[in-house]
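Worksheet: the structure to be examined is printed underneath.
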Amino acid sequence: MATTKLMIVGGFLGAGKTTFLWQAAQTMIGQGRRVGLITNDQAPELVDSRLLSLNNLRVEEVSGSCFCCNFNGFTAAIRKMCEAAGADVIIAEPVGSCTDLSATIMQPLKQYWNRQLETAPLSVLADPVRLAAILAGETSGLHPDAAYIYRKQLEEADLIVINKVDLLSSEQIETLKAATAKTFPSARVMTVSARTGEGLSEWIEAVMQTQAAGQRIVEMDYDIYANGEAVLGWLNGTVLLRGKRTDWDELTRTLLNRLAARFDADGLPVGHVKVIAESDGSYVVGNLTGTVDTLSVRHSAGTSDVARIIVNARVETSPENLDAIVRDAINALCGDGYEQEVVAWRYLQPGRPNPTHRFAQVV
Ligand SMILES: Nc1nc2c(ncn2[C@@H]2O[C@H](COP(=O)(O)OP(=O)(O)O)[C@@H](O)[C@H]2O)c(=O)[nH]1
Ligand SMILES: [Mg+2]
Numbered sequence: 410m411a412t413t414k415l416m417i418v419g420g421f422l423g424a425g426k427t428t429f430l431w432q433a434a435q436t437m438i439g440q441g442r443r444v445g446l447i448t449n450d451q452a453p454e455l456v457d458s459r460l461l462s463l464n465n466l467r468v469e470e471v472s473g474s475c476f477c478c479n480f481n482g483f484t485a486a487i488r489k490m491c492e493a494a495g496a497d498v499i500i501a502e503p504v505g506s507c508t509d510l511s512a513t514i515m516q517p518l519k520q521y522w523n524r525q526l527e528t529a530p531l532s533v534l535a536d537p538v539r540l541a542a543i544l545a546g547e548t549s550g551l552h553p554d555a556a557y558i559y560r561k562q563l564e565e566a567d568l569i570v571i572n573k574v575d576l577l578s579s580e581q582i583e584t585l586k587a588a589t590a591k592t593f594p595s596a597r598v599m600t601v602s603a604r605t606g607e608g609l610s611e612w613i614e615a616v617m618q619t620q621a622a623g624q625r626i627v628e629m630d631y632d633i634y635a636n637g638e639a640v641l642g643w644l645n646g647t648v649l650l651r652g653k654r655t656d657w658d659e660l661t662r663t664l665l666n667r668l669a670a671r672f673d674a675d676g677l678p679v680g681h682v683k684v685i686a687e688s689d690g691s692y693v694v695g696n697l698t699g700t701v702d703t704l705s706v707r708h709s710a711g712t713s714d715v716a717r718i719i720v721n722a723r724v725e726t727s728p729e730n731l732d733a734i735v736r737d738a739i740n741a742l743c744g745d746g747y748e749q750e751v752v753a754w755r756y757l758q759p760g761r762p763n764p765t766h767r768f769a770q771v772v
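Note that my numbering numbers the sequence shown so that position 40 is 449, with each residue one more than the last.
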């Protein structure tokens, strides 16, 4: 008898997956469920995992590879969540540039794990601005191969969840919903705001009650998919800054502003850049999901003389260039008076996806 429900929430970089996971977890914990979260990245030192742990949520991180290319790492994290944490609901966030999850994750889970797990419908979150551009046949500033990944993510979804509806009027919501349903007729389309919680309980009800999951496998050109991922430089870095009394919220905003100005000036499309600064148990998080106008900073780390800062950046440029740009921005910001200790620093170009399993048929 399956006792744990597994909810996979995919979607492109910046769609709002982590914010959504957090809200959904809070709601389900409030309903008395034991919720575990699994995050995923190409490299360790994830802002998302840190953010979720700081909010007292149980988090396992699968890093170094995406879930589909490290299926056993993913199931090990699931096992740990079930056995050590006694989770009855697990919500997993795959890498935002990852697709083909129905063939490589959903079907193998249904085939090999159906006694332990009940796999919920594959939910794919979408940012409304990016989605509208893609539906209009544009690339939303992305490389055409990255836009291909975006479309494939939606094409394989059981549930397309249009997020951030707090930014839209009700007419805009209806128009976008109708256009999405028309382009992706086999998916159910829902609307939510991970920020306000609107639509969250409807989503929970839908994934709790729907049995059918991983209903379709889409055709996937792995050359285009691989290139769509390879055009993104990836950087995860952690530094400790100390020695000077600093307003960390302001520093986070300035850092992101400088990065955004540089990416925009050089014409480098941003997948997602996030920064978390922690000091004395408080934190501030900054996000950039496109050009400078997408910059947002939330929460507060206050003012003190030491902070731990994690930067995760996925930007369309070479990893070396991304490394140079982020290092320059941090160095320029720090100037005199700070002692800077690099705790971890990785930059890379995602390798060609090579899934552990790939099913050709729906189980
Ligand atoms: N206005 C608005 N912003 C949101 C919402 N959900 C997420 N965001 C913002 O979108 C950005 C990316 O969110 P995140 O959860 O990190 O996206 P992920 O990359 O898909 O995990 C952040 O700045 C979030 O604050 C939402 O419902 N409304
Ligand atoms: Mg995330």
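Yeah, the Cβ is synthetic: ideal placement off N, Cα and C, and Gly gets one too.
Please tell me whether residue i and residue j are closer than 7 Å, where the distance is taken between their beta carbons.
| i | j | result |
| --- | --- | --- |
| L544 | G420 | no |
| V504 | C475 | yes |
| G680 | L641 | yes |
| G445 | A529 | no |
| V772 | Q520 | yes |
| A603 | N572 | yes |
| E614 | L677 | no |
| L531 | T413 | no |
| Q758 | V648 | no |
| A485 | I447 | no |
| F483 | V471 | yes |
| A722 | V693 | no |
| V601 | W612 | yes |
| A738 | L664 | yes |
| T548 | A541 | no |
| E773 | S506 | One cannot answer for residue 773 here, as it falls past the ends of the chain, which runs 410 to 772. |
Would you call residue i buried or exposed, if buried means 16 or more other Cβ atoms sit within 10 Å of its Cβ?
| i | result |
| --- | --- |
| R539 | buried |
| Q747 | The sequence given here has Tyr at residue 747, not Gln. Buried: at least 16 other Cβ atoms inside 10 Å. |
| V751 | exposed |
| L576 | exposed |
| Y634 | buried |
| R707 | exposed |
| K591 | exposed |
| P453 | exposed |
| A596 | buried |
| D632 | exposed |
| A835 | Past the edges of the chain, shown from 410 to 772, lies residue 835, and the structure says nothing about it. |
| D689 | exposed |
| G760 | exposed |
| D646 | For the sequence presented, residue 646 should be read as Gly rather than Asp. It counts as buried. |
| Y756 | buried |
| N458 | At residue 458 the sequence reads Ser, which differs from the Asn that was named. By the neighbour-count rule (16 or more Cβ atoms within 10 Å), S458 is buried. |
| A365 | One cannot answer for residue 365 here, as it falls past the ends of the chain, which runs 410 to 772. |
What's the C-alpha gap between residue i and residue j?
| i | j | result |
| --- | --- | --- |
| W522 | P594 | 29 Å |
| T700 | E564 | 26 Å |
| V418 | E583 | 23 Å |
| I499 | N449 | 13 Å |
| A494 | R467 | 8 Å |
| L568 | R717 | 37 Å |
| G606 | A424 | 15 Å |
| A512 | W657 | 43 Å |
| P537 | K586 | 10 Å |
| T655 | T712 | 5 Å |
| T765 | R651 | 43 Å |
| R488 | E469 | 11 Å |
| M410 | V684 | Here M410 scores only 47 on pLDDT, less than 50, and its place in the model should not be relied on; the value that follows carries that caveat. So the two alpha carbons sit approximately 42 Å from each other. |
| A733 | T661 | 18 Å |
| M416 | R767 | 19 Å |
| K653 | V720 | 20 Å |
| P517 | A433 | 25 Å |
| Q562 | L422 | 11 Å |
| Q770 | R736 | 46 Å |
| W754 | E492 | 32 Å |
| A566 | S610 | 19 Å |
| S705 | V715 | 23 Å |
| G608 | F429 | 11 Å |
| R524 | M617 | 17 Å |
| V570 | T619 | 15 Å |
| D702 | I514 | 35 Å |
On the premise that residue j lies in contact with residue i, defined as a C-beta separation below 8 Å, what is that separation, rounded to the nearest angstrom?
| i | j | result |
| --- | --- | --- |
| L644 | P728 | 7 Å |
| T508 | I558 | 5 Å |
| T427 | L463 | T427 to L463, Cβ: 12 Å. No contact. |
Q: Take every Cβ of the segment 735-743, pair it with every Cβ of the segment 432-443, and state whether three or more of those distances are shorter than 8 Å.
A: no
(Q) So if I measure from each beta-carbon to every heavy atom of ligand 3 and keep distances below 5 Å, which residues remain? (A) No copy of ligand 3 appears in this structure; the ligands present are ligand 1 and ligand 2.
Q. Would the segment 616-633 and the segment 662-673 be scored as touching if the rule is three or more Cβ pairs under 8 Å?
A. no
Q) Are the segment 576-591 and the segment 548-557 touching by the rule of at least three beta carbon pairs closer than 8 Å? A) no
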